[in-house]
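S.K.:
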């Protein structure tokens with residue numbers, strides 16, 4: 192008969208009901224768990240032939256020893272449990288000791304926290320954009336055509352039919368047609384819509400939208416072409432596709448960290464918005480550079496681009512009743528300010544002189 196080496200007091204659950212039994216775990220001289228003594232029932236359960244798993248130590252929280260058929264023994268006598276583990280497996284002992292020291296060492300916790308913050312910063316600022324860029328540029332063409340931001344979806348949710356005269360639409364279409372022919376690989380197509388403030392946008396499937404308010408505020412054909420090249424820049428760099436991939440990756444990352452889908456909207460809304468604004472400004476600068484290059488190649492004055500941006504700035508100031516702060520929040524939160532765009536042109540001119 193095996194000699195009893197030690198007893199460990201705790202709680203026993205049979206895995207069939209939620210009833211908790213005051214119990215005592217028996218460990219024999221071979222360092223094996225053999226029996227559990229139920230105090231109230233005066234019953235002894237044999238576990239000599241059963242497999243069991245001891246939960247890794249996590250601070251000072253109660254630990255579980257799980258047996259077959261979902262049976263559990265729970266106790267907070269960590270010293271005795273650690274003895275069982277050390278007796279059975281030296282590697283496991285070292286692992287538990289390392290985890291315990293990490294969890295109870297303030298310096299290691301601080302270093303780990305700082306390292307995690309740096310890692311997440313690098314992932315968000317560099318990792319996600321770089322990955323999204325690679326994915327966007329290597330995605331099959333049909334993927335962009337089938338993305339959710341199709342014109343049909345926007346027509347049902349955002350846009351209204353254009354109120355520009357048929358003649359005005361034909362004039363602009365004829366104006367841009369020769370230029371669009373040079374970018375067949377992007378499959379560009381210009382359309383006009385109302386229902387949104389002055390703006391222009393490029394969808395992943397090649398559709399470029401000019402809103403009525405935008406067309407009406409432009410003062411020249413060159414301004415229309417400048418903004419057209421800007422939107423072609425978005426298509427060339429696949430910015431909309433990148434933004435969708437980035438948003439999806441950010442959402443997955445936040446849900447993965449929190450592990451709670453129920454708080455999805457609250458937790459992902461603000462960080463996704465803030466990060467997306469930063470990415471948007473970067474995309475706008477890339478599209479601006481693309482537009483300046485194309486304007487220069489077609490011998491169109493670069494000043495037309497600045498004029499278009501100034502007109503947009505004045506438009507949003509008027510829409511916000513003269514409040515500059517509100518206007519910037521409304522439009523230029525995702526776009527570089529006009530002053531920065533002027534500096535970009537100056538740099539472009541110096542580079543090409």
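In the working numbering, the protein residues as written are 192 to 544.
Don't be surprised by glycine CBs; every beta carbon is placed ideally from N, CA and C.
Starting from the Cα of residue 196, find the closest Cα among 308, 271, 253 and 359 and give me that residue.
M.R.: 271
S.K.: What number of angstroms, rounded off, separates the C-alpha of residue 236 from the C-alpha of residue 222?
M.R.: 17 Å
S.K.: By the three-class DSSP mapping on this structure, what secondary structure does residue 244 have?
M.R.: Note: residue 244 maps to strand in three-state DSSP.
S.K.: Compare the Cα-Cα distances from residue 478 to each of 429, 494 and 507 and report the closest residue.
M.R.: 429
S.K.: Hey, quick one: how far does the beta strand (DSSP E) through residue 222 stretch, first residue to last?
M.R.: It is not in any beta strand (DSSP E) - residue 222 carries neither H nor E in the DSSP assignment.
S.K.: What does the Cβ neighbour count give for residue 495, buried or exposed, with the cut at 16 atoms within 10 Å?
M.R.: Buried, by the Cβ-count rule.
S.K.: With distances taken Cα to Cα, identify the nearest neighbour of residue 264 among 226, 296 and 506.
M.R.: 226
S.K.: Between which two residues does the beta strand (DSSP E) harbouring residue 399 extend?
M.R.: 398-402
S.K.: Ignore the nearest five residues each way along the sequence and tell me which others in residue 203's own chain have a CB closer than 6 Å to its CB.
M.R.: 212, 214, 227 and 264
S.K.: Tell whether a beta-carbon distance below 8 Å holds between residue 385 and residue 401.
M.R.: In this structure, residue 385 keeps its C-beta atom at 8 Å or more from the C-beta atom of residue 401.
S.K.: Taking residue 351 as the reference, give the member of 388, 322, 317 and 500 with the closest Cα.
M.R.: Here the closest residue by C-alpha is 388.
S.K.: Which stretch, first to last residue, makes up the beta strand (DSSP E) that contains residue 393?
M.R.: 391-393
S.K.: Counting along the chain, where does the beta strand (DSSP E) carrying residue 235 start and finish?
M.R.: Counting along the chain, the beta strand (DSSP E) containing residue 235 begins and ends at 234-237.
S.K.: Ignore the nearest five residues each way along the sequence and tell me which others in residue 457's own chain have a CB closer than 7 Å to its CB.
M.R.: Residue placement at residue 457 is poorly supported in this model, since its pLDDT is 45, which falls under 50; the coordinates still yield a value, given next. Nothing listed; no residue qualifies.
S.K.: Report all residues from its chain with a CB closer than 6 Å to the CB of residue 485; omit the five preceding and five following residues, and keep chain order.
M.R.: Within the same chain, residue 485 has close Cβ partners 420.
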